[in-house]
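Chemist:
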Amino acid sequence: MKKISFFVLSAFVFISLNAQNYMADFTKALRDNDTTGQKEILDLWEKSNDRSADYYIANFNYFFAKADANSSSMQLSTEKPTSGKYLTIYDSTTNVTGYLTPGDIDRELFNKSISYINEGIKKYP
């Protein structure tokens, strides 16, 4: 009986040590701003068919961060924006030479992030 208990306990420990902890790996890659690592982890996670709540949260975080990446940038244009805030750029003779506007969020990636979190909420309310 002791041999069987030891074997079962050893097998459990071995499996636990070799089990992939996707969320911990993803969180580390997220903290390190390693987008390539994040994507690789999400791809492995998807292949594993592990659809825990953490899976949906990680995908939301990944796609939301990618969608928001452009919003911290600026865009330079010679055409006057029709809406929103902008900065007018003048040359030394006070002629308008361009307009500077804040970047915009990538709607497609934003919608993908929302679809993941909505699916996760449906499965894990």
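For what it's worth, the working numbering labels the leading residue of the sequence shown as -9, then goes sequentially.
For each residue, glycine too, the CB sits at the ideal point set by N, CA and C.
#1: What number of angstroms, rounded off, separates the C-alpha of Ile111 from the C-alpha of Ala48?
#2: Given a cut-off of 8 Å, decide if Ser63 and Thr91 are closer than it, judged by their beta-carbon atoms.
#3: Going by other Cβ atoms of all chains shown within 10 Å of its Cβ, with 16 needed for buried, is Tyr106 buried or exposed?
#4: On a Cα-Cα basis, can you pick out the residue from Gln65, Phe100, Leu34 and Asp40 that is closest to Gly93?
#5: Name the DSSP bridge partner or partners of Ile111?
#6: Give a single yes or no on whether Ile111 has its beta carbon closer than 7 Å to a heavy atom of the ligand SAM.
#7: With DSSP as the reference, label Tyr76 as helix, strand or coil.
#8: Looking only at C-alpha atoms, which of Tyr80, Ala55 and Tyr114 sits nearest to Arg21?
#9: Taking the continuous alpha helix (DSSP H) assigned at Gly88, which residues delimit it?
#10: Looking at the structure shown, is Ser67 part of a helix, part of a strand, or coil, going by DSSP?
Modeler: Considering the structure as presented:
#1: Going from the Cα of Ile111 to the Cα of Ala48 covers about 13 Å.
#2: Taking 8 Å as the cut-off, the Cβ atoms of Thr91 and Ser63 do not count as close.
#3: Answer is buried; the Cβ neighbour count reaches 16.
#4: For the options Gln65, Phe100, Leu34 and Asp40, the alpha carbon positioned closest to that of Gly93 is the one of Gln65.
#5: The secondary-structure analysis by DSSP pairs Ile111 with nothing; it has no beta-bridge partner.
#6: The ligand content of the structure shown is nil, which means the ligand SAM is not present either.
#7: Taken through DSSP and simplified to helix, strand or coil, Tyr76 comes out as coil.
#8: It is Ala55.
#9: Counting along the chain, Gly88 sits inside no alpha helix (DSSP H); it lies in the beta strand (DSSP E) bounded by residues Val86 to Pro92.
#10: When DSSP states are grouped into helix, strand and coil, Ser67 belongs to the strand group.
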